[in-house]
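The structure under discussion appears below in the form of structure tokens.
Protein chains: 2
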Amino acid sequence: MTEDRRLAVLRAIVEDYVATHEPVGSRSLVERHSLGVSPATIRNDMAALEDEGLIAQPHTSAGRVPTDQGYRVFVDRLSQVKPLSGAERRAIGSFLDGAVDLDDVMQRSVRLLSQLTRQVALIQYPSLTRSTVRHTELVGLTPTRALLVVITDTGRVEQRVVETSVAMDDELVARIRSKVSEAVNGQRLVDVADRVADLTGTFERDERPAVAAVVATLLETVVERHEERVMLAGTANLAAFGEDFNGAVRPVLEALEEQMVLLRLLGETRSGDALTVRIGHENEVEGLTSTSVVTVGYARGDEVVAQLGVLGPTRMDYPGTMASVRAVARYVGRILTEQQ
Amino acid sequence: MTEDRRLAVLRAIVEDYVATHEPVGSRSLVERHSLGVSPATIRNDMAALEDEGLIAQPHTSAGRVPTDQGYRVFVDRLSQVKPLSGAERRAIGSFLDGAVDLDDVMQRSVRLLSQLTRQVALIQYPSLTRSTVRHTELVGLTPTRALLVVITDTGRVEQRVVETSVAMDDELVARIRSKVSEAVNGQRLVDVADRVADLTGTFERDERPAVAAVVATLLETVVERHEERVMLAGTANLAAFGEDFNGAVRPVLEALEEQMVLLRLLGETRSGDALTVRIGHENEVEGLTSTSVVTVGYARGDEVVAQLGVLGPTRMDYPGTMASVRAVARYVGRILTEQQ
DNA sequence: ATTGGCACTCGTCGGCGCGGAGTGCCAAGG
DNA sequence: CCTTGGCACTCCGCGCCGACGAGTGCCAAT
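Quick mapping for you: the protein sequence lines, in order, are chains A and B. Taking numbering that gives the first Met the number 0 as reference, the numbering of the first sequence is continuous, increasing by one, and the terminal residue is 339. Taking numbering that gives the first Met the number 0 as reference, the numbering of the second sequence is continuous, increasing by one, and the terminal residue is 339.
Here it is in structure tokens:
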């Protein structure tokens with residue numbers, strides 16, 4: 000059937016191009032893959048694929064290169080999951096098992112992922128939305144400044160400085176601390192807002208500004224900041240990227256320095272733990288339109304708490320990358336769940 | 000005097016080369032600088048400078064380029080401080096004034112510095128050695144795991160998970176917490192070790208393993224980890240770096256991902272707040288031998304607490320970079336001191 | 001010590017020709 | 001109707017050559 004072969008040709012083109020980074024022609028295609036037909040036939044198929052917008056040629060009389068759409072079809076319909084090698088599996092286990100705290104888990108994971116894929120790896124800290132408050136602490140720094148610390152059951156520690164217009168003495172700080180603790184400890188973060196809603200009213204009128212400031216900061220901490228942090232690793236791998244088009248690496252590095260961009264990259268498709276691939280221009284971030292991003296959610300228990308993934312050139316090894324990303328996500332999930 | 004002019008020539012070569020990134024010849028030198036002599040004379044001087052190892056020519060019959068040693072002499076003897084422009088001063092003020100907490104100060108500073116210098120900026124978190132413990136907290140997570148949080152008067156929060164072989168119940172956790180707090184709160188970090196030395200002995204024999212674990216973690220936190228963190232920004236500026244020699248950017252990116260390397264870069268010359276410049280091969284870190292690093296200490300009060308600086312190609316604008324680094328360090332110091 | 005002159009080196013750039021890889025088309029064959 | 005071999009065409013990449021120009025080193029004159 001001709002349609003089947005056309006897709007086989009597309010797959011072959013993608014695979015060869017990813018392997019060699021050079022436009023692939025009909026002749027070398029039949030040599031490297033046993034397609035059972037002649038170069039001329041392949042040429043016809045290629046012309047058709049080009050009409051469909053799945054491949055393109057950089058110059059007349061050069062080989063073909065997959066387009067973003069071509070990769071899309073490849074990823075959606077043609078790539079079969081590539082199992083990890085034993086060495087890779089072992090690497091994952093030994094790399095992640097020694098982690099001592101949340102920061103350590105995040106850091107080891109992201110490094111591991113960048114090494115496995117030889118690309119830039121990203122990991123988002125677990126979302127706080129579903130977790131509960133383990134402990135709150137309020138420490139006076141100066142009369143008008145205090146430090147609010149919130150510890151969650153995921154082992155994450157959030158801290159914010161509270162500024163008040165009026166002075167607080169130690170006794171007031173202690174009273175606010177105990178009231179706040181009482182109200183929110185053990186509560187889920189999403190419920191914190193409700194629990195502290197009328198806390199201010201239970202204090203004397205002249206103490207209320209201070210209490211209000213603490214409450215406001217607490218809400219910021221648990222509501223607004225809740226998935227702000229992204230860690231990344233493997234930016235050195237962009238150098239290989241740049242072999243081909245050198246100037247393209249700067250905008251990528253610039254984009255990667257923006258927390259907001261990273262969050263968008265990881266957060267855009269909040270489709271649970273499904274593995275998503277955004278290819279080239281599908282990526283709306285300016286400067287990253289010639290890169291692909293592979294992300295997947297990872298879970299604590301059976302709750303998806305955040306995303307991790309990698310970013311690389313559109314001509315990446317999608318099956319391999321997808322396998323690595325998925326595997327690391329699974330391991331991270333397991334570790335978070337065990338540490339629970 | 001001929002010696003004077005030779006140095007003037009060196010200065011001119013460095014300035015022109017930094018500005019143009021191209022080898023500079025005798026003719027263009029006399030045109031751009033009013034040296035009052037003819038190209039032929041300059042050529043003689045250049046030959047002498049080359050004998051001294053201060054300049055070199057990439058190819059026969061090309062212009063001259065400063066060597067690492069040439070830059071060294073330039074920095075040590077020839078560069079005069081370049082005052083910041085009004086715009087730059089204003090930028091520094093407005094950029095840093097809105098900072099709300101320590102992380103924010105660090106982040107804003109390092110970004111500012113990278114933007115001012117168009118290079119990679121580094122900043123080390125303030126050392127804990129001289130600060131005091133404001134507050135300690137111990138929170139049970141599971142029977143054998145607890146979270147230890149130490150808050151210092153600089154507003155820095157350190158956290159570590161404590162693992163014990165034996166289970167701790169809530170009551171024991173509370174007792175350890177209060178004993179530890181009592182022992183170390185208000186103490187300087189350097190004294191913490193002494194204060195907790197015989198703490199374990201005051202507990203029942205079967206409780207001691209748990210206490211020992213907490214104490215050990217506490218010591219790690221305040222002693223070993225005390226200046227571990229380095230933040231960096233402006234890696235995108237390496238792209239401009241790479242225009243010339245493309246492959247050189249990868250090892251730099253790799254080096255920058257290693258915390259240890261960053262610490263060595265900032266920490267190697269612990270000469271108080273003096274501004275230090277390490278040029279090319281003076282830099283012992285492999286992969287960074289064709290970069291220069293400009294660092295300076297910054298203070299809280301009158302105590303130097305850490306270093307900050309930038310990393311860039313050896314052909315950087317040293318006077319401008321040094322001025323920016325020094326200015327930012329001064330501002331950061333001022334902010335830390337005020338927040339005290 | 002400085003300077004003008006001069007021969008020499010060498011890297012850069014454009015032009016030229018060639019080989020090779022690849023394409024598109026067409027006519028013949030299953 | 002699909003496949004295939006043949007063929008003409010395109011165009012990139014490469015090596016070669018020559019001209020140009022920037023820059024140097026040396027030397028003799030001042």
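C-beta atoms are modelled at their ideal positions from N, C-alpha and C, and glycine is treated no differently. The model shown is predicted, which means the values in this text are computed figures rather than measured ones.
Residue nearest to A/A212 in terms of C-alpha spacing, selected from A/L147, A/V229 and A/E283:
Your numbering for residue 212 of chain A matches position 213 in the first sequence. Selected option, being the one with the closest Cα: A/L147.
Worksheet entry | Within chain A, partners of B/A235 - CB distance below 9 Å | Here residue 235 of chain B corresponds to residue number 236 of the second sequence, with the count starting at 1. Simply V248, R249, P250, V251, L252, E253, A254, L255 and E256.
**Prompt:** Who are B/Y297's beta bridge partners in DSSP?
**Reply:** In the second sequence, counting from the first residue as 1, residue 297 of chain B sits at position 298. Paired residues: B/A305.
Practice prompt. Quick one: list the residues of chain A neighbouring B/E136, beta-carbon separation under 9 Å, in chain order.
Written response: Translated into positions along the second sequence, residue 136 of chain B becomes position 137. Per Cβ cutoff of 9 Å: H134, E136, V138, V148 and I150.
Can a CB atom of chain B be found closer than 7 Å to the CB of A/D168?
Position 169 of the first sequence holds residue 168 of chain A. Output row for A/D168: interface = no.
ask   = List, in order along the chain, the chain A residues whose C-beta lies closer than 7 Å to that of B/Q158?
value = In the second sequence, counting from the first residue as 1, residue 158 of chain B sits at position 159. Within chain A, the residues near B/Q158 are V156.
Can you give me the start and stop residues for the beta strand (DSSP E) that B/R176 sits inside?
-> On the second sequence, position 177 is the one that residue 176 of chain B refers to. No beta strand (DSSP E) contains B/R176, which is instead part of the alpha helix (DSSP H) from D169 to V183.
Would you list the one or two residues that DSSP bridges to B/L147? Numbered from 1 along the second sequence, position 148 holds the residue referred to as residue 147 of chain B. B/L137 and B/R159.
I think B/E256 touches A/A254, with their Cβ atoms under 8 Å apart; what is that distance to the nearest whole Å?
By one-based count along the second sequence, residue 256 of chain B stands at place 257. By one-based count along the first sequence, residue 254 of chain A stands at place 255. Contact flag wrong, Cβ pair sits at about 18 Å.
Between the beta-carbon of A/T234 and the beta-carbon of A/R187, is there less than 7 Å?
For the purposes of this step, residue 234 of chain A is taken as residue 235 along the first sequence, with counting starting at 1. For the purposes of this step, residue 187 of chain A is taken as residue 188 along the first sequence, with counting starting at 1. For A/T234 and A/R187, no; Cβs fall outside 7 Å.
Starting from B/M105, trace the alpha helix (DSSP H) both ways and give me its first and last residue. Reading the second sequence from its first residue, position 106 is the one you call residue 105 of chain B. B/M105 -> alpha helix (DSSP H) spans L101 to T116.
ask   = Which residues does DSSP pair with B/G311 in a beta bridge?
value = For this step, residue 311 of chain B is matched to residue 312 along the second sequence. Answer is B/S291.
Open item on the list: Within a Cβ cutoff of 7 Å, which residues of the same chain sit near A/E206, ignoring the five residues on either side of it in sequence?
Closed with: In the first sequence, counting from the first residue as 1, residue 206 of chain A sits at position 207. If we look at A/E206 and ignore the five residues flanking it on each side, its Cβ neighbours are L171.
**Asked** Among A/L198, A/G139, A/E49 and A/G92, which residue has its Cα nearest to the Cα of A/P68?
**Response** Taking the first sequence and counting its residues from 1, the one referred to as residue 68 of chain A is at position 69. Here residue 68 of chain A turns out to be Gln, not Pro, going by the sequence shown. Comparing Cα positions, the closest option is A/E49.
message: Counting only beta-carbon separations shorter than 7 Å, does B/D15 have a partner in chain A?
response: The residue labelled residue 15 of chain B in the question sits at position 16 within the second sequence. Judged by the 7 Å Cβ criterion, B/D15 is not in contact with chain A.
Review point. Mapping DSSP to helix, strand and coil, what is B/L121?
Key: Along the second sequence, one-based indexing puts residue 121 of chain B at 122. If DSSP states are grouped into helix, strand and coil, B/L121 belongs with the strands.
List, in order along the chain, the chain B residues whose C-beta lies closer than 7 Å to that of A/A238?
-> Stepping through the first sequence from its first residue, residue 238 of chain A is reached at position 239. Chain B residues near A/A238: V248, R249 and L252.
*asked:* Taking its Cβ as the centre, do 16 or more other Cβ atoms sit within 10 Å of A/A238, making it buried, or is it exposed?
replied: Reading the first sequence from its first residue, position 239 is the one you call residue 238 of chain A. Buried.
Residue-level contact to chain A via CB, B/D100, 7 Å cutoff: Numbered from 1 along the second sequence, position 101 holds the residue referred to as residue 100 of chain B. Closer than 7 Å to some Cβ of chain A, the Cβ of B/D100 qualifies, so yes.
message = Please report the straight-line C-alpha distance between A/P65 and B/R133, rounded to a whole angstrom.
response = For the purposes of this step, residue 65 of chain A is taken as the residue at position 66 of the first sequence. For the purposes of this step, residue 133 of chain B is taken as the residue at position 134 of the second sequence. Spanning the two alpha carbons is a distance of roughly 60 Å.
Here's the rule I'm using: 16 or more other beta-carbon atoms within 10 Å means buried, otherwise exposed. How should A/T320 be labelled? Locating residue 320 of chain A in the first sequence gives position 321, where the first residue counts as 1. So A/T320 ends up on the buried side.
* To do: Determine the direct distance from the alpha carbon of A/L217 to that of A/Q322, and round the result to whole angstroms.
  => Taking the first sequence and counting its residues from 1, the one referred to as residue 322 of chain A is at position 323. Taking the first sequence and counting its residues from 1, the one referred to as residue 217 of chain A is at position 218. According to the sequence as given, residue 322 of chain A is Ala; it is not Gln. Each residue's Cα considered, the two are about 39 Å apart.
Where A/E337 falls, given that 16 or more other Cβ within 10 Å makes a residue buried | As a first step, residue 337 of chain A is located in the first sequence; it is residue number 338 there, counting from the start. It counts as exposed.
query: If you count every other CB in all the chains shown that lies within 10 Å of the CB of B/A120, and 16 or more means buried, which is it?
result: As a working note, residue 120 of chain B is residue 121 in the second sequence. Label assigned to B/A120: buried.
C-beta atoms of B/R194 and B/V183 nearer than 7 Å: Here residue 194 of chain B refers to the residue found at position 195 of the second sequence. Here residue 183 of chain B refers to the residue found at position 184 of the second sequence. In this structure, B/V183 lies closer than 7 Å to B/R194 by Cβ.
Check your understanding: Below 8 Å, can you find three or more Cβ-Cβ pairs linking the segment 148 to 155 of chain B to the segment 82 to 97 of chain B?
Key -> no
- Query: Quick one: which chain A residues come within Cβ less than 9 Å of B/A215?
  - Reply: Residue numbering aside, residue 215 of chain B sits at position 216 when the second sequence is read from its first letter. The contacting residues do not exist; B/A215 stays about 13 Å from chain A at best.
query = Using the beta-carbon of each residue, which ones in chain A are nearer than 9 Å to B/A232?
reply = Position 233 of the second sequence, counting from 1, holds the residue named residue 232 of chain B. By Cβ distance, chain A contributes E256.
Quick test of your reading: B/V324 and B/V303, contact by CB under 8 Å. State the CB separation rounded to the nearest angstrom. Position 325 of the second sequence holds residue 324 of chain B. Position 304 of the second sequence holds residue 303 of chain B. About 14 Å separates the two Cβ atoms, so there is no contact after all.
Review point. Leaving out five residues before and five after B/G308 in sequence, what residues of the same chain have Cβ atoms less than 7 Å from its Cβ?
Key: For the purposes of this step, residue 308 of chain B is identified with residue 309 of the second sequence, where counting begins at 1. Here the set comprises L121, L265, V292, V293, T294, V295 and V324.
| How many Å lie between B/L127 and B/T220 at the Cα? | In the second sequence, the residue the question calls residue 127 of chain B occupies position 128. In the second sequence, the residue the question calls residue 220 of chain B occupies position 221. If I take the Cα positions, the gap works out to 10 Å.
task: Look at B/V229 and B/Q123 and say whether their C-beta atoms are less than 7 Å apart.
output: Residue mapping note: residue 229 of chain B aligns to position 230 of the second sequence, counting from 1. Residue mapping note: residue 123 of chain B aligns to position 124 of the second sequence, counting from 1. Taking 7 Å as the Cβ cut-off, B/V229 and B/Q123 qualify as a contacting pair.
Inset, instruction - Could you check what DSSP says for A/A55 in three-state terms: helix, strand or coil? - result: Counting from 1 along the first sequence, the entry for residue 55 of chain A is found at position 56. DSSP places A/A55 in strand when its eight states are reduced to three.
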